[in-house]
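*Asks:*
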Amino acid sequence: MTYFPEEVVEHIFDFLGSHRDRNAVSTVCKAWYHVERFSRRNVFVGNCYAIRPERVMARFPGMKSLSVKGKPHFADYNLVPYDWGGFALPWINAAVRRCPGLEDLRLKRMVVTDDDLDLLARSFPNFRSLVLVSCEGFSTDGLAAIATYCRGLRELDLQENEVEDHGRQWLSCFHESCTSLVSLNFACLKGEVNAGVLERLVARCPNLRSLKLNRAVSVESLNEIVARAPYLVDLGTGSFAVDHHTDAYQRLMNSFSKCKSLSSLSGFWEASPHCLDAVYPVCINLTVLNMSYAPAIQADDLIKLISLCFKLQKLWVLDCIGDKGLAVVASTCKELQELRVFPSDIYGAGATSVTEEGLVAISSGCPKLNSLLYFCYQMTNAALITVAKNCPHFTRFRLCILDPWKPDPVTNQPLDEGFGAIVRSCKNLRRLSLSGLLTDQVFLYIGLYAKCLEMLSIAFAGDSDKGMVYILKGCKNLRKLEIRDCPFGDFALLNDVAKYETMRSLWMSSCDVTLGGCKALAAKMPRLNVEIINESEGSDKLEENISDLHKAEKMYVYRTVAGPRNDAPDFVWTL
Amino acid sequence: EKRSVGEKRSLFHDLLSGFFGLILPPRFGFEDLASLVAGATRAFLPPPSSDPTSRPGTRVQEAAGRSSSTFELAMEEDLENRGGACPQLLDLIPNESDWMMAPEASGEGRGVGGLDDSEDKKLELKLGLPGGGAEEAAVLSLGFFSKASKTTTTTCAGARRGLFESAESKSEGPRQEQQAGFLQLQSRAESGNEWPHKAVWAGGKADLQQSHAAPGGAAGPNTSSQTRAAPAPVVGWPPLRSFRKNLSNSSVKPSVELQNDNVEMKQKFDNNKKGLLVKINMDGIPIGRKVDLKTYDNYEKLSLAVKELFLGLLAAQKDTPENENEEAKQAFVGLLDGSREYTLVYEDNEGDKMLVGDVPWDMFVSTVKRLRVLKSSDLAALREQSAGKEQQLKVELNEK
Chain A
1 MTYFPEEVVE HIFDFLGSHR DRNAVSTVCK AWYHVERFSR RNVFVGNCYA IRPERVMARF
61 PGMKSLSVKG KPHFADYNLV PYDWGGFALP WINAAVRRCP GLEDLRLKRM VVTDDDLDLL
121 ARSFPNFRSL VLVSCEGFST DGLAAIATYC RGLRELDLQE NEVEDHGRQW LSCFHESCTS
181 LVSLNFACLK GEVNAGVLER LVARCPNLRS LKLNRAVSVE SLNEIVARAP YLVDLGTGSF
241 AVDHHTDAYQ RLMNSFSKCK SLSSLSGFWE ASPHCLDAVY PVCINLTVLN MSYAPAIQAD
301 DLIKLISLCF KLQKLWVLDC IGDKGLAVVA STCKELQELR VFPSDIYGAG ATSVTEEGLV
361 AISSGCPKLN SLLYFCYQMT NAALITVAKN CPHFTRFRLC ILDPWKPDPV TNQPLDEGFG
421 AIVRSCKNLR RLSLSGLLTD QVFLYIGLYA KCLEMLSIAF AGDSDKGMVY ILKGCKNLRK
481 LEIRDCPFGD FALLNDVAKY ETMRSLWMSS CDVTLGGCKA LAAKMPRLNV EIINESEGSD
541 KLEENISDLH KAEKMYVYRT VAGPRNDAPD FVWTL
Chain B
576 EKRSVGEKRS LFHDLLSGFF GLILPPRFGF EDLASLVAGA TRAFLPPPSS DPTSRPGTRV
636 QEAAGRSSST FELAMEEDLE NRGGACPQLL DLIPNESDWM MAPEASGEGR GVGGLDDSED
696 KKLELKLGLP GGGAEEAAVL SLGFFSKASK TTTTTCAGAR RGLFESAESK SEGPRQEQQA
756 GFLQLQSRAE SGNEWPHKAV WAGGKADLQQ SHAAPGGAAG PNTSSQTRAA PAPVVGWPPL
816 RSFRKNLSNS SVKPSVELQN DNVEMKQKFD NNKKGLLVKI NMDGIPIGRK VDLKTYDNYE
876 KLSLAVKELF LGLLAAQKDT PENENEEAKQ AFVGLLDGSR EYTLVYEDNE GDKMLVGDVP
936 WDMFVSTVKR LRVLKSSDLA ALREQSAGKE QQLKVELNEK
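These protein sequence lines are chains A and B, in that order.
Take the first sequence: its position 440, counted from the start at 1, is 440 in my numbering, and no numbers get skipped.
Position in the second sequence (from 1) plus 575 gives the number in my numbering.
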């Protein structure tokens, strides 16, 4: 292939969008490797500690868009201590030095400070898009820097970040001449913004298509905004606290009826019953609806709303929709691909919630369903078997039965057969989360059938090491395995140590692995970082009299070519 | 010289037909080419193997031949192949520390040169690694090796015994397994696990049937008091982001459930919540009001509340019916801006007069002592007053 003209190869590679395809072709031969590396524009780093930023920038000098992920997934559920790591600064610094043409940056579960944002804003003249997902460490001052210095910014998308509120002036920092915004999402901000400034910003950005307001934005403001931006495609409504008897409400309804392009709605933070009527005019065009932030909206209002949404593809709701509501979804939303049902009241008795009946109804009514996140209080094997039969196209199946170790309430059996049916039927399953009472049998099924599985989350499941061994042996494509509160110990951990180099990471917490086992793993596999998070007080030195038989409370293992990290805090021991 | 796209395409056809042994349809375009290339590289990359002389073709055949073997056999082979050794790929990196330094030292050339000795190994593998990026390629494409490995179809788990002798007994005896499982649950209970269900399930199935008496078809969830009485908090469970856990607490929902899930606790909590009542006066209105700042959580709401408090009084001053008085209503527009007729100001715990709206709400609530709705025209006078104070302070400090 060495006589192949390079520009032809490069032209072909332009059609290869996915990172995996690009990685694959770059290993074919040296020539292809070189062509690929100079032509790669989008770089994805799944674990910020797997490789040093400088290496990435050196390999891909033409990088325009960078996406980096930091903390392990269980950090979302407060299992990872605050200053564990995942700092954005090394990545930003490296990009400043080597890729000043950077245009897009996406960071997930990383620590970003105001200084980092300031450096970012000042260093990249072509910067267009900043997406921060589940990050922390910054305040509205950092956002002010972005607004001030990123002329030509097109996208500022803040999803579920922890942002400190230092006042509402950051929005005013968008210069009067800034007209380039296409997407602005500040729904996760707790503080207020200046309404007038917001309305003027929206009015002067003719390309604005996606706008997600935070809870503090009033309905009056929303009205002004919607009136000035009728071409919005994606809207997060802000508080939506409005009395449907008022003029403001009428005006809102008028504004919405003019939004012919609106296809995605979310927000409704303080919406109360009866006020959703204003939104009815846009329902027939909605493909995405997120009502999961609105606990005051009960099933009846949801049903009235959803029964108009024939084109819905993605629905996020709270479980107060009930089985009855899900039946309406099933009969109305034939295009539904993704459903997420969140618990509305985890401290309560769960009087209004969903059961296996709702899920079965959805599965029989929505044949295109491929992604599910479902919180419920009970599930039966029969239901799961039916769901598996109805929906063989699942790529993501995450079921959370809120009570750990809960068996099938009808038969008192574990849910092995139900989940087994899911993995057997859904040949393209890439992500699976288990719950309920489960024995080693379910892991045997998963190992046998879930050949495409890439991410598996296990909690309170299994009987013995065999469970974990089945998984590691059988799931050829496994990339991320996260386990908590399962009886898996050193035997399972050490059974096939080379497997972990084919995966991105392994997380085990509250299991039976011991310090000795982790040390053995670290000794055998120098290209893995084996990190122990030790949160017990008073012990910060690994050497101090801690027996190898001591259980490792939290262990995080990941492959890396960067060696042990140098920014680990005291409570993280790298073995 | 640059070739035309048409020339490139026909060149491609020839090369690819030769290389892959394919007959391509005439309209085969670059996009199709790209997906073909991607698919082909995925299929032909060798799986990790300790046998450097094995060629990709044979491996695929071997894989096909193995397709009828059972899961257990496949697992055995995996064990042999992996056998604790790293995949062949990673061994191509001769000296990691050198490798790390190379790019910084002198750019790409050195990196490429440094791996020349592994070229031979690469050739043996037929589709070998390129020079400079073995490291990252290894990291990034390890996933492919697993993907390209044998596509074993599996027969029923119980058919053959393999590594795990319990495989057969598993299909025949799920009950045994379960009981074993329950016993294990019991032992976990003994070890002091705090989840309340443990006590319920100790002792086997009989107890289970009693405690989980949810009749089939019952609409609601299993609400037996044993299973969900004030669960002890388990960190990180349920797997929900924090902001979702507090959603119903901070909403306008009429029945606000609190973390303690207990009506008495809720009442106690309400009694303990102190209101923050501050006086509020408005220019031109002799009667003042009091407002409870704890009932609002942002400035917009406060502004609306101020309007509600004084609208009637203002209208009464002007001697017109309350509901019709647009003029009066207008007075309350832009309270926070300083741009309209009236402006909202406050006095803080240091005695200074401040404009409402500058600091975050929580900070405002903790420092405010009283509120005033000021005629904006009076703001100037106020500024002079405070400017005078500032001057005085400056003079005093300089004199020290």
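Using N, Cα and C, we set each Cβ at its ideal position, and we do this for glycine too.
Quick caveat, the model's predicted, so the values are computed rather than measured.
Would you say B:Tyr-874 lies against chain A (beta-carbon separation less than 7 Å)?
*Replies:* As a position in the second sequence, residue 874 of chain B is number 299, starting the count at 1. With 7 Å as the cut-off, B:Tyr-874 counts as an interface residue toward chain A.
*Asks:* Enumerate in chain order the residues of its own chain whose CB-to-CB distance from B:Pro-814 is below 8 Å, with the five nearest sequence positions on each side excluded.
*Replies:* Sequence index remark: in the second sequence, residue 814 of chain B carries index 239 (1-based). Closer than 8 Å at the Cβ level, and outside the excluded window around B:Pro-814, lies no residue.
*Asks:* Based on DSSP bridge pairs, tell me the residues matched to A:Ser-371.
*Replies:* Residue numbering aside, residue 371 of chain A sits at position 371 when the first sequence is read from its first letter. Partner(s): A:Glu-338 and A:Arg-396.
*Asks:* What residues are listed by DSSP as bridge partners for B:Arg-864?
*Replies:* Stepping through the second sequence from its first residue, residue 864 of chain B is reached at position 289. DSSP lists B:Ile-855 as partners of B:Arg-864.
*Asks:* Using beta-carbon positions only, say whether A:Cys-309 and A:Leu-336 come within less than 7 Å of one another.
*Replies:* The residue you call residue 309 of chain A lines up with position 309 of the first sequence. The residue you call residue 336 of chain A lines up with position 336 of the first sequence. No. Outside cutoff.
*Asks:* Check the Cβ of A:Asp-512 against every Cβ in chain B and list those closer than 8 Å, keeping chain order.
*Replies:* Residue 512 of chain A sits at position 512 when you count from the first residue of the first sequence. Residues of chain B passing the Cβ test: none, with the nearest at roughly 11 Å.
*Asks:* Does at least one heavy atom of the ligand COA sit under 6 Å from the Cβ of A:Leu-444?
*Replies:* The ligand COA is not among the ligands present in this structure, which contains no ligands whatsoever.
*Asks:* Going by DSSP, what residue range makes up the alpha helix (DSSP H) through B:Trp-936?
*Replies:* Mapped onto the second sequence, residue 936 of chain B falls at position 361. That run of the alpha helix (DSSP H) goes 936-942.
*Asks:* Could you work out which residue in A:Tyr-558, A:Lys-427, A:Gly-489 and A:Gly-462 is closest to A:Lys-406 when comparing CA atoms only?
*Replies:* Here residue 406 of chain A refers to the residue found at position 406 when the first sequence is read from its first residue. The shortest Cα separation from A:Lys-406 among A:Tyr-558, A:Lys-427, A:Gly-489 and A:Gly-462 belongs to A:Gly-462.
*Asks:* What residues are listed by DSSP as bridge partners for A:Val-576?
*Replies:* Absent from the structure is residue 576 of chain A, since the part of chain A shown begins at 1 and ends at 575.
*Asks:* Measure from the C-beta of A:Tyr-77 to each C-beta in chain B and report whether the shortest distance is under 7 Å.
*Replies:* Taking the first residue of the first sequence as position 1, residue 77 of chain A is located at position 77. Answer yes: the Cβ-Cβ gap between A:Tyr-77 and chain B drops below 7 Å somewhere.
*Asks:* Where does A:Gly-17 land, buried or exposed, given buried means 16+ other C-beta within 10 angstroms?
*Replies:* The count along the first sequence starts at 1 and reaches residue 17 of chain A at position 17. Answer is exposed; the Cβ neighbour count stays below 16.
*Asks:* State buried or exposed for B:Asn-821, treating a residue as buried only when at least 16 other CB atoms are found within 10 Å of its CB.
*Replies:* Position 246 of the second sequence, counted from the start, is the residue given in the question as residue 821 of chain B. Looking at its Cβ environment, which holds fewer than 16 other Cβ atoms inside 10 Å, B:Asn-821 is exposed.
*Asks:* In chain order, what are the residue ranges of uninterrupted beta strand (DSSP E) at least 3 long that sit wholly in the region 102-143 of chain A?
*Replies:* List check, beta strand (DSSP E) in window: 104-108, 129-133 and 136-139.
*Asks:* To the nearest whole angstrom, what separates the beta carbons of A:Ser-292 and A:Val-317, a pair I think is in contact under 8 Å?
*Replies:* On the first sequence, residue 292 of chain A is found 292 positions in, with the first residue counted as 1. On the first sequence, residue 317 of chain A is found 317 positions in, with the first residue counted as 1. About 6 Å separates the two Cβ atoms, so the contact holds.
*Asks:* At a Cβ threshold of 7 Å, is B:Thr-616 touching chain A?
*Replies:* Indexing the second sequence from 1 puts residue 616 of chain B at position 41. Judged by the 7 Å Cβ criterion, B:Thr-616 is in contact with chain A.
*Asks:* For A:Leu-276 and A:Asp-301, I'd like the C-alpha separation in whole angstroms.
*Replies:* Taking the first sequence and counting its residues from 1, the one referred to as residue 276 of chain A is at position 276. Taking the first sequence and counting its residues from 1, the one referred to as residue 301 of chain A is at position 301. So the two alpha carbons sit approximately 7 Å from each other.
*Asks:* Roughly how many angstroms lie between the CA atoms of A:Leu-89 and A:Leu-478, to the nearest whole one?
*Replies:* In the first sequence, residue 89 of chain A corresponds to position 89, counting from 1. In the first sequence, residue 478 of chain A corresponds to position 478, counting from 1. Rounded to the nearest angstrom, the two C-alpha atoms are 30 Å apart.
*Asks:* Between which two residues does the beta strand (DSSP E) containing A:Asn-223 stretch?
*Replies:* On the first sequence, residue 223 of chain A is found 223 positions in, with the first residue counted as 1. Not the beta strand (DSSP E): A:Asn-223 falls in the alpha helix (DSSP H), residues 219-228.
*Asks:* Beta-carbon of B:Glu-606 versus every beta-carbon of chain A: anything under 7 Å?
*Replies:* Against the second sequence, residue 606 of chain B aligns to sequence position 31. At least one chain A Cβ lies under 7 Å of B:Glu-606.
*Asks:* Taking Cβ-Cβ distances below 8 Å as the criterion, which residues of the region 396-410 of chain A are in contact with chain B?
*Replies:* Taking 8 Å as the Cβ-Cβ cut-off against chain B, the residues of the region 396-410 of chain A that qualify are Cys-400, Leu-402, Asp-403, Pro-404, Trp-405, Lys-406, Pro-407, Pro-409 and Val-410.
*Asks:* Count the other CB atoms within 10 Å of the CB of A:Gly-137; is the residue buried (16 or more) or exposed (fewer)?
*Replies:* The count along the first sequence starts at 1 and reaches residue 137 of chain A at position 137. Buried: at least 16 other Cβ atoms inside 10 Å.
*Asks:* Looking at chain A, is there any beta carbon in it that lies within less than 7 Å of the beta carbon of B:Leu-822?
*Replies:* The residue given as residue 822 of chain B occupies position 247 in the second sequence. Yes, B:Leu-822 counts as interfacial toward chain A.
*Asks:* When you compare the CB positions of A:Pro-480 and A:Ser-505, do they come within less than 7 Å of one another, or not?
*Replies:* Position 480 of the first sequence, counted from the start, is the residue given in the question as residue 480 of chain A. Position 505 of the first sequence, counted from the start, is the residue given in the question as residue 505 of chain A. With the sequence shown as reference, residue 480 of chain A is identified as Lys, and Pro is not the correct amino acid for it. Yes, these two residues count as a Cβ contact at 7 Å.
*Asks:* What residue does the beta strand (DSSP E) around A:Thr-574 start on, and which one ends it?
*Replies:* Position 574 of the first sequence, counting from 1, holds the residue named residue 574 of chain A. Here the beta strand (DSSP E) through A:Thr-574 covers 572-574.
*Asks:* Using DSSP with H/G/I as helix, E/B as strand and the rest coil, what is A:Ser-433?
*Replies:* Position 433 of the first sequence, counted from the first residue, corresponds to residue 433 of chain A. In the structure shown, A:Ser-433 sits in a strand (DSSP, three-state: E or B).
*Asks:* Can you check DSSP and say which residues form a bridge with B:Val-920?
*Replies:* Within the second sequence, residue 920 of chain B is the residue found at index 345, counting from 1. Answer is B:Leu-930 and B:Arg-947.
*Asks:* Can you tell me which of the three DSSP states A:Ile-471 falls into?
*Replies:* Along the first sequence, one-based indexing puts residue 471 of chain A at 471. In this structure, A:Ile-471 counts as helix in the three-state DSSP scheme.
*Asks:* Among the candidates A:Gly-70, A:Met-63, A:Val-341 and A:Asn-42, whose CA atom is the shortest distance from the CA of A:Ile-51?
*Replies:* By 1-based counting over the first sequence, the position of residue 51 of chain A is 51. If we check each option's Cα against that of A:Ile-51, A:Gly-70 comes out closest.
*Asks:* Nearest by alpha-carbon distance to B:Lys-904: which of B:Ile-860, B:Gly-887 and B:Ser-914 is it?
*Replies:* As a position in the second sequence, residue 904 of chain B is number 329, starting the count at 1. Selected option, being the one with the closest Cα: B:Gly-887.
*Asks:* Run through DSSP, which three-state label would A:Cys-366 get?
*Replies:* Reading the first sequence from its first residue, position 366 is the one you call residue 366 of chain A. The answer is coil: DSSP assigns A:Cys-366 none of H, G, I, E or B.
*Asks:* Using three-state DSSP, classify A:Val-56 as helix, strand or coil.
*Replies:* As a working mapping, residue 56 of chain A is identified with position 56 in the first sequence. Helix.
*Asks:* So the candidates are B:Val-809, B:Pro-935, B:Ala-615 and B:Ala-906; which of them puts its Cα closest to the Cα of B:Leu-889?
*Replies:* Reading the second sequence from its first residue, position 314 is the one you call residue 889 of chain B. The shortest Cα separation from B:Leu-889 among B:Val-809, B:Pro-935, B:Ala-615 and B:Ala-906 belongs to B:Ala-906.
*Asks:* Can you name, in chain order, every residue of its own chain whose Cβ lies under 6 Å from the Cβ of A:Leu-66, other than the five neighbours on each side?
*Replies:* One-based indexing of the first sequence puts residue 66 of chain A at position 66. These residues qualify, in order along the chain: Val-43 and Leu-105.
*Asks:* Leaving out the 5 sequence neighbours to the left and right, which residues in its chain are closer than 7 Å to A:Cys-259 when beta-carbon positions are compared?
*Replies:* Position 259 of the first sequence, counting from 1, holds the residue named residue 259 of chain A. Counting only Cβ-Cβ distances below 7 Å, and skipping sequence neighbours, we find Val-226, Pro-230, Leu-232 and Val-282.
*Asks:* For B:Arg-543, decide whether its Cβ has a neighbour in chain A, counting only Cβ atoms nearer than 7 Å.
*Replies:* The structure shown has nothing for residue 543 of chain B, since chain B only spans 576 to 975.
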